[in-house]
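Numbering (UniProt numbering), first residue to last: 1 to 304.
Note that CB positions come from ideal geometry on N, CA and C, so glycine has one too.
Note that the structure is a prediction, hence the values are computed from the model and not measured.
Worksheet: the structure to be examined is printed underneath.
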């Protein structure tokens, strides 16, 4: 009878027969302590759960566990992540990056297609910045099929210079030895300018970073003469800004595709690089140019 009467009473009070929410186990932290954890974590993003736990437990009779601290942070939307690595930006760099973004924020995809994007990159036979994921069982951590082999200095490497404009790739040139200002001057004459004229036409915009060999006097004098002859325009570029150059995405894609083919020697690696370079689709190249307005907006939002 008591059960029936309780059910009727619950229906009258709640309008249904669902089980009422119970109070449950009381929280180990108060609202002010939750705020303390959230504020301190936002002030110093590098504080670990253990460090925040130590700060919170100072002068506290009942100690709070690290797991509780991490749960409170997750509830506040703060989850642990690996920090992104990027070049250090000083205020001078930020000022120039912001000016570059403001100048190009109204550019359309057609405008970006007129730029010849250039850069050098080093590819290693074994070494790679990409993380490799495998499926393994307990106790299989060191099984050869679940291990990524590493060799000192990458086991051999190939340095290349490459370019692309619009939906097509330009020359991919293998660099022998150390690239100095004389070698780069030769690349400008034999690869950069011919690629720009072939892909875009007279008056194309040449992008290059501020590497010392790029800004050496012989190379700069040569480019100024080409600019005076209206063969090209030189895009002003801020130092410490590889994230603004879409060819960095092309290098990442190249590395991913080449590693999937498992090169066995430097000669084989160069052959695969050439093959993957020619296989880059028009759709892919256009897609990374279409993101440039968002790149400019992000730089402006970050004030550099």
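Using DSSP with H/G/I as helix, E/B as strand and the rest coil, what is residue i?
i: residue 7; result: helix
i: residue 54; result: helix
i: residue 231; result: coil
i: residue 68; result: helix
i: residue 280; result: coil
i: residue 135; result: coil
i: residue 161; result: strand
i: residue 270; result: helix
i: residue 168; result: strand
i: residue 31; result: helix
i: residue 206; result: strand
i: residue 259; result: helix
i: residue 124; result: strand
i: residue 310; result: Coverage of the chain is limited to positions 1 through 304, which leaves residue 310 absent and any answer about it impossible.
i: residue 214; result: coil
i: residue 82; result: coil
i: residue 39; result: helix
i: residue 225; result: helix
i: residue 141; result: coil
i: residue 299; result: helix
i: residue 174; result: strand
i: residue 111; result: helix
i: residue 93; result: helix
i: residue 103; result: helix
i: residue 236; result: coil
i: residue 291; result: coil
With a CB to CB cut of under 6 Å and the five nearest residues on each side skipped, what residues in its chain are close to residue i?
i: residue 140; result: 146
i: residue 276; result: 254, 257, 258
i: residue 200; result: 114, 165
i: residue 156; result: 125, 266
Given a cut-off of 9 Å, decide if residue j and residue i are closer than it, judged by their beta-carbon atoms.
i: residue 160; j: residue 121; result: yes
i: residue 213; j: residue 244; result: no
i: residue 97; j: residue 297; result: no
i: residue 88; j: residue 195; result: no
i: residue 162; j: residue 119; result: yes
i: residue 237; j: residue 100; result: yes
i: residue 249; j: residue 166; result: no
i: residue 29; j: residue 68; result: yes
i: residue 164; j: residue 234; result: no
i: residue 182; j: residue 218; result: yes
i: residue 158; j: residue 266; result: yes
i: residue 66; j: residue 92; result: no
i: residue 135; j: residue 292; result: no
i: residue 59; j: residue 70; result: no
i: residue 109; j: residue 286; result: yes
i: residue 231; j: residue 197; result: yes
i: residue 7; j: residue 17; result: yes
Quick one: what's got a C-beta closer than 7 Å to residue i's C-beta in the same chain, skipping five residues either side?
i: residue 63; result: 57
i: residue 216; result: 181
i: residue 35; result: none
Among the residues of its own chain, which have a CB less than 8 Å from the CB of residue i, if the five just before and after it don't count?
i: residue 40; result: 47, 52, 55
i: residue 223; result: 188, 206, 232, 234
Please determine whether the Cβ atom of residue i lies at a distance below 8 Å from any heavy atom of the ligand COA.
i: residue 263; result: With respect to the ligand COA, the structure offers nothing, as it holds no ligand at all.
Whole-angstrom Cβ separation of residue i and residue j, contact assumed at under 8 Å?
i: residue 304; j: residue 94; result: 3 Å
Are the stretch 166-177 and the stretch 186-196 touching, with three or more C-beta to C-beta distances below 8 Å?
The stretch 166-177 vs the stretch 186-196: in contact.
So does the stretch 259-277 actually touch the stretch 68-75, counting three or more Cβ pairs closer than 8 Å?
No, because fewer than three Cβ pairs between the stretch 259-277 and the stretch 68-75 fall closer than 8 Å, the two stretches do not touch.
Inter-stretch contact at 8 Å, needing at least 3 Cβ pairs: the stretch 199-210 / the stretch 101-119:
yes
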